[in-house]
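Trainee: Taking my numbering, the leading residue of the sequence shown gets 3, the next gets one more, and so forth.
Okay, here's the structure, questions in a sec.
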Amino acid sequence: MIKVGVVRGGISPEYNVSLSTGGNVLAHLRGPKLAHKYKAIDILIDRDGIWHVNGLPIAPHDVRQKVDVVFNALHGDYGEDGKIQQLFDQLNVPYTGSGAFASAVGYNKVLSKERFSDFGIKTPKHMLFPVYDEETDGELAFYAQHCALHVAKSMPPSWIVKPVASGSSVGIHVCKTTSDLVNVFIEYAKNNTSALVEELINGKEATVAVVEGFRGQDYYSLPPIEIRIPKKKVFFDYDAKYSGISKEICPGNFSPDEKIELEHLARLIHKELGLSHYSRSDFMIHPKRGIYALEVNTLPGLTDESLTPKALYAVGSNMAEFIDHILELAIKKR
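Take a look at the structure:
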């Protein structure tokens, strides 16, 4: 039997999402469709970064003796940013998902936007504000005011402010006034976080997953999902993603041309960023200005509420088939 270490938890704010993703993967590995082929091993990284196997602490480098392949179910810092990928590369342990460099680029919203632009994909106008430094930036209140005015002069409202590197919509704010921006810049400064400010694109929200080598295609695009958030929500935030209050339509209500273009862009992003195994790209469709790429998720969630499993079911697939396929890719390609 193939020993699969499912790594979950981690030190990021997305700890609970990772627990759910990993738990779902473990359940399917131990289920009737896969239990004959794989032995699932639960590898938990707690919030302090301590690794555990079957509840007992273990040094990360000792994982090599425990598993044949790793299913990376981490989300956020350390799991998606290339760090744990570097560790597994050093240990010569095969793992699911993209490699270290591609993960780092995909996780960094500024770097990935630069790559989008390099191959002709529209992305919202944006500005980067590095981590606040009192010595060079001066008093915080004046700094925040200066940044807010700079944004207001460069882009009309509304704006969306995001951490440069994060997932699950953690730490995102929509700002309609310069006062809103000032408050968010102060919050980011206190949290030692760099800020990415984007123009807010209004329109239909879409997300498209890509699976490598699936059903005889090099890059198989799953049906675009249309995301409809409740009126009380301004964007698809953490609560909207995981509480079940949003309406996720798969296949989405897109025109034939929109569907073709969304799938093409998702495949292009996956290929040109050098991603591996699977990914999911997020888009906004402005009624007059067309499709904008927002970001790419190199390790999209695989919880019961997640989007990728819903897209798999829409094409007659399932999580067991997907997990088996991804593990086969990891074992063959690493």
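Yeah, the Cβ is synthetic: ideal placement off N, Cα and C, and Gly gets one too.
Bear in mind the structure is a predicted one, so any value in this text is a computation, not a measurement.
My output table needs one value for Ile328: the three-state DSSP class, helix, strand or coil.
Mentor: Translated into positions along the sequence shown, residue 328 becomes position 326. The answer is helix: DSSP assigns Ile328 an H, G or I state.
Trainee: For Glu250, I'd like the list of residues in its chain whose CB is within less than 8 Å of its CB, leaving aside the five on either flank, ordered along the chain.
Mentor: Working through the sequence shown from its first residue, we reach residue 250 at position 248. These residues qualify, in order along the chain: Ile227, Glu228, Ile229, Arg230, Leu309, Lys312.
Trainee: Look up Ser170 in the DSSP assignment and say whether it is helix, strand or coil.
Mentor: Taking the first residue of the sequence shown as position 1, residue 170 is located at position 168. Because the pLDDT at Ser170 is just 49, under 50, the model does not fix this residue reliably, and the value given afterwards should be weighed accordingly. In the structure shown, Ser170 sits in coil (DSSP, three-state: anything other than H, G, I, E or B).
Trainee: If I follow the unbroken alpha helix (DSSP H) through Glu307, where does it start and stop?
Mentor: The residue labelled residue 307 in the question sits at position 305 within the sequence shown. Here Glu307 belongs to no alpha helix (DSSP H), and DSSP marks it neither H nor E.
Trainee: Rounded to whole angstroms, how far is the Cβ of Ser160 from the Cβ of Cys177, which I believe are closer than 8 Å?
Mentor: If you number the sequence shown from 1, residue 160 lands on position 158. If you number the sequence shown from 1, residue 177 lands on position 175. At roughly 6 Å, the Cβ-Cβ gap stays under 8 Å, so Ser160 and Cys177 are in contact.
Trainee: Could you tell me the alpha carbon to alpha carbon distance between Val71 and Glu141, rounded to whole angstroms?
Mentor: Sequence index remark: in the sequence shown, residue 71 carries index 69 (1-based). Sequence index remark: in the sequence shown, residue 141 carries index 139 (1-based). So the two alpha carbons sit approximately 50 Å from each other.
Trainee: If you check the beta carbons only, do Leu277 and Gly108 fall under 8 Å apart?
Mentor: Numbered from 1 along the sequence shown, position 275 holds the residue referred to as residue 277. Numbered from 1 along the sequence shown, position 106 holds the residue referred to as residue 108. Yes; because the gap between Cβ atoms is below 8 Å, this pair is in contact.
Trainee: Taking DSSP as the reference, what is the three-state secondary structure of Ile271?
Mentor: What you label residue 271 is simply residue 269 of the sequence shown in a count that begins at 1. Here Ile271 sits in helix by DSSP.
Trainee: Kindly indicate the opening and closing residues of the alpha helix (DSSP H) around Gly108.
Mentor: Your numbering for residue 108 matches position 106 in the sequence shown. That run of the alpha helix (DSSP H) goes 102 to 109.
Trainee: On the three-state DSSP scale, how would you describe His63?
Mentor: Against the sequence shown, residue 63 aligns to sequence position 61. Looking at His63 - three-state DSSP - the assignment turns out to be helix.
Trainee: How big is the Cα-Cα spacing for Gly57 and Leu46?
Mentor: Locating residue 57 in the sequence shown gives position 55, where the first residue counts as 1. Locating residue 46 in the sequence shown gives position 44, where the first residue counts as 1. If you take the alpha carbons of Gly57 and Leu46, they lie about 8 Å apart.
Trainee: Taking the alpha helix (DSSP H) that Asn351 belongs to, which residues open and close that run?
Mentor: Residue 351 lies beyond the residue range present for the chain, which begins at 3 and ends at 336; the question has no answer from this structure.
Trainee: Between the alpha carbons of Glu1 and Phe131, how many angstroms are there, rounded?
Mentor: Limits of the chain in this structure are 3 at one end and 336 at the other, which puts residue 1 out of reach.
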